[in-house]
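Please read the structure below before turning to the comments.
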Amino acid sequence: MTVVITLMPLPCRNIENNWRCGHHRLDKILCHSESSKGVYCLQYDEEKIVSGLRDNTIKIWDRKTLKCLEILNGHTGSVLCLQYDERVIITGSSDSTVRVWDVKTCQMLNTLIHHCEAVLHLRFANGLMVTCSKDRSIAVWDMRSPTDINLRRVLVGHRAAVNVVDFDDKYIVSASGDRSIKVWNTSTCEFVRTLNGHRRGIACLQYRDRLVVSGSSDNTIRKIKVWDLQAALDPRAPAGTLCLRTLMEHTGRVFRLQFDEFQIVSSSHDDTILIWDFLPEKSSYNLNKCVDPNNDANNSNNTGNNSANSRTYTYVSK
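What the sequence shown shows, in my numbering, is residues 0 to 317, in sequence order.
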């Protein structure tokens with residue numbers, strides 16, 4: 000099996016035009032092992048692609064040549080989530096651990112043991128990391144250095160696996176298989192509010208600039224000011240007014256999305272990647288030539304999830 004990476008071949012000044020017009024080319028990376036196949040997560044930049052695999056490894060690929068540069072071994076379960084910056088790669092696994100790696104030497108620097116089931120998602124920024132797990136909990140960590148990471152607080156309240164988290168300096172937002180989105184105060188870790196609306200478990204979510212977009216197996220993307228968190232903080236605001244728009248075009252489970260100030264990109268088990276403009280209600284165009292239902296939507300240099308069928312589709316935006 001292969002990973003398919005959709006890369007923009009032209010200089011950065013042309014990337015936005017390529018993105019708007021849907022111009023791209025496909026390159027394949029053979030990344031399966033003899034015993035296992037599947038890409039669960041990835042992140043990339045101008046120089047490299049970092050992928051987390053079902054065979055318990057993290058592989059780093061050269062962005063231009065698509066050759067494997069490094070293989071990171073240490074996890075004893077599939078690598079389900081990852082994020083990196085200029086210093087470290089942090090990974091979460093079905094072995095219930097979070098591991099920290101030096102991005103230059105690829106040496107393991109730290110192993111965090113807290114969750115009792117698979118670590119499904121993680122985010123870190125500005126000395127703070129948030130992880131979530133199949134064990135229904137969210138862990139908030141203080142990061143002083145790669146080797147000095149301490150558990151600050153455990154957030155509980157979800158009634159099923161917590162599939163995804165996102166945060167900024169004000170709020171932590173989490174989404175779960177229990178069909179709910181929960182909002183927490185980043186500084187105090189206190190619970191703020193529950194946002195209800197999905198009919199099935201929520202597989203993906205992004206929080207940015209007071210807006211949250213979430214995707215679910217009920218074939219909808221719920222747009223929450225897409226929830227407006229300022230409105231959500233007002234206890235007088237009726238719960239039914241918090242969801243500003245529901246986008247219903249996918250016919251399969253929505254499992255990955257990202258958005259910026261202009262567009263939402265969503266991918267689904269219906270074999271499609273949809274690009275939505277924020278103002279129009281219809282999708283601006285439909286990239287429906289993906290050959291695998293388990294594709295990935297990613298419109299910035301950030302993390303994407305994928306399934307065990309080891310095909311990934313990434314679209315580089317501006």
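Just so it is clear, CB atoms sit at the ideal spot from N, CA and C, and this is done for glycine as well.
Contact between Val161 and Ile171 does not hold, since their C-beta atoms are separated by about 11 Å, which reaches or exceeds 8 Å.
In the three-state reduction of the DSSP assignment, Cys203 falls in the strand class, which pools E and B. Ranked by Cα distance from Tyr206, the options Leu71, Arg24, Ile88 and Val182 are led by Val182. Rounded to whole angstroms, the gap between the alpha carbons of Met142 and Arg86 is 13 Å. When the alpha-carbon of Arg209 is set against those of Asp259, Met107 and Asp177, the nearest one is in Asp259. Bridge pairing for Gly91: Cys80 and Val97 [DSSP]. Annotation: Lys36 to Gly126 spans about 34 Å, alpha carbon to alpha carbon. A Cβ-Cβ distance of about 6 Å is found for the pair Lys58 and Leu52, placing them in contact under the 8 Å criterion. Bounds of the beta strand (DSSP E) holding Thr110 are Met107 to Ile112. Distance from the Cα of Val78 is smallest, within the candidate group Ile70, Val102 and Cys40, for Cys40. The residues Val99, Asn109, Leu111, Met128, Trp140, Asp141 and Met142, in chain order, have a CB closer than 8 Å to that of Ile148 in the same chain once the five nearest residues on each side in sequence are set aside. For Thr130, the uninterrupted beta strand (DSSP E) run begins and ends at Leu127 to Ser132, by DSSP. Here Thr187 is exposed. Its C-beta has fewer than 16 other C-beta atoms within 10 Å.
Here the alpha carbon of Phe261 sits roughly 6 Å from the alpha carbon of Asp276. Looking at the backbone, the Cα of His120 and that of Leu232 are separated by about 25 Å.
By the neighbour-count criterion, in which a residue is buried when 16 or more other Cβ atoms sit within 10 angstroms of its Cβ, Ala202 is buried.
Taking the C-beta atoms as reference points, His157 is found nearer than 8 Å to Arg135. Cβ-Cβ distances below 6 Å link Gly251 to Ser267, His268 and Asp269 in the same chain, with the five nearest sequence neighbours on each side left out; the list follows chain order.
By a beta-carbon distance limit of 8 Å, Val118 contacts Val97. Their separation comes to about 6 Å. Remark: C-beta atoms of Cys105 and Glu46 do not approach each other more closely than 8 Å.
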